[in-house]
Amino acid sequence: MLTEIVEDYDAMSIRAATLVAQQINEKPDAVIGFATGSTPVGVYHHLIRMHRDEGLDFSKLTCFNLDEYIGLTPQHTQSYHHFMWQNLFLHVNVDPRSVFIPMGMANDPEKFCDWYEQQIQASGGVDLQLLGIGGNGHLAFNEPGASLGSRTRVTALTQDTIDANARFFESSQEVPATAITMGIGTILESKCLVLMASGEKKAQAIKATLEGPVMVMMPASAIQLHANVHVIIDKGAASALEYDHHDGIAESIRTDAS
Ligand code: PGA
-9 MLTEIVEDYD AMSIRAATLV AQQINEKPDA VIGFATGSTP VGVYHHLIRM
41 HRDEGLDFSK LTCFNLDEYI GLTPQHTQSY HHFMWQNLFL HVNVDPRSVF
91 IPMGMANDPE KFCDWYEQQI QASGGVDLQL LGIGGNGHLA FNEPGASLGS
141 RTRVTALTQD TIDANARFFE SSQEVPATAI TMGIGTILES KCLVLMASGE
191 KKAQAIKATL EGPVMVMMPA SAIQLHANVH VIIDKGAASA LEYDHHDGIA
241 ESIRTDAS
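Residue 100 in this note's numbering sits at position 110 of the sequence shown; the count goes up by one each step and never skips.
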C-alpha cells in the first residue's frame, strides 16, 4: 500500500487525476472505475482540463461506476448517472456505449446486478478503480457489516449514510433507502485501487482503514488485502494517523510510542 499525504483537497485531486491520466496514456483502452460524491469532483475537474488542454483521450475507455440509488431515474438530479454525466462524461470524449452505471430503475435489480458483474468480467476487469470513503468507513454502498467477499448487489443504506447524503436532497426522507453497489469482492478484483479522502471528518475512518484490523464493520479496511493500492489523503484526513505510512512501511511517528 502506498500512502501519500498531501496538503489539501486540490493537491489530492491533482495527484489522483495524474494517476488516472497515466493509466489512460499507458493503456488507451483501459477500464476505469469511477466514483461519485464530493471527494472525486476535483479529480474530474482536472481530468476535464487534461482532456481540453493536453488531449487526454477517453475515446477508447470502458467506464464502470460503483453504485446507484434504487428508484432514481438517470435524469434525476441526484442520481449518480446525472452526477457522472454532469461532472465528467459530458465534458470529455468518452463513448457513451462504453459507460456502465448501475441502473436504479432496473425492473429486476437482482438480475441487473448479475449482468453488471458479467459486463465487468467481459471488459477484462477494472484496471484502476477510484474510491472515496464514507465517514462510517463504507466503500461504495458497502456499509458496515457488508461481507468482504460481497458482489454487485442490492443493499440497504445505513441511517448515517442517509443523513450524510441528505445534504443533496430536500430532506432525509427523500434519500433512497436502498442502492445497487459493486461488492467489496468485486472492488478488490480491480487491478489497482486509488482511495482518496479529504478533511478531518474522514480522519477516524482513514485511521481505522489504514491502521486497524480488517473487519466487516470497517468495509474500507478490506483494501489492506489488495496488492496494489494507492491512498491519497490530505492533511485533515491524515490527522488521526499514528504511524508514518510512507511507501507502505509503517513507522511510528509518535515519540512516546513503544
Ligand atoms: P463524499 O462521500 O465523497 O461525498 O464524502 C464519499 C462516500 O460516501 O463514499
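Cβ coordinates follow ideal geometry from the N, Cα and C atoms, glycine included. On a predicted model such as this, the values are computed, not experimentally measured, just so you know.
Buried is the label assigned to G122, since at least 16 other Cβ atoms lie within 10 Å of its Cβ.
Three or more Cβ pairs closer than 8 Å define a contact, and the stretch 163 to 171 falls short of that threshold against the stretch 200 to 216. About 13 Å separates the CB atoms of I222 and L118; that is not less than 8 Å, and the two are not in contact. Sorted by chain position, residues whose beta-carbon lies closer than 5 Å to a non-hydrogen atom of the ligand PGA are G27, S28, T29, G122, G124. Relative to the Cα of L9, the nearest Cα in the group T67, L183, S188 belongs to L183. Excluding its 5 nearest sequence neighbours in each direction, S137 has C-beta neighbours in its own chain below 8 Å: G173, I174, G175, V206, listed in chain order.
The secondary-structure analysis by DSSP pairs I170 across a beta bridge with E58, V144. Residue burial annotation: P30 is buried, with at least 16 other C-beta atoms found within 10 angstroms of its C-beta.
The residues L37, I38, H41, L46, F48, in chain order, have a CB closer than 8 Å to that of V82 in the same chain once the five nearest residues on each side in sequence are set aside. By the C-beta criterion, the stretch 183 to 197 is judged to be in contact with the stretch 219 to 233, since at least 3 inter-stretch pairs fall below 8 Å.
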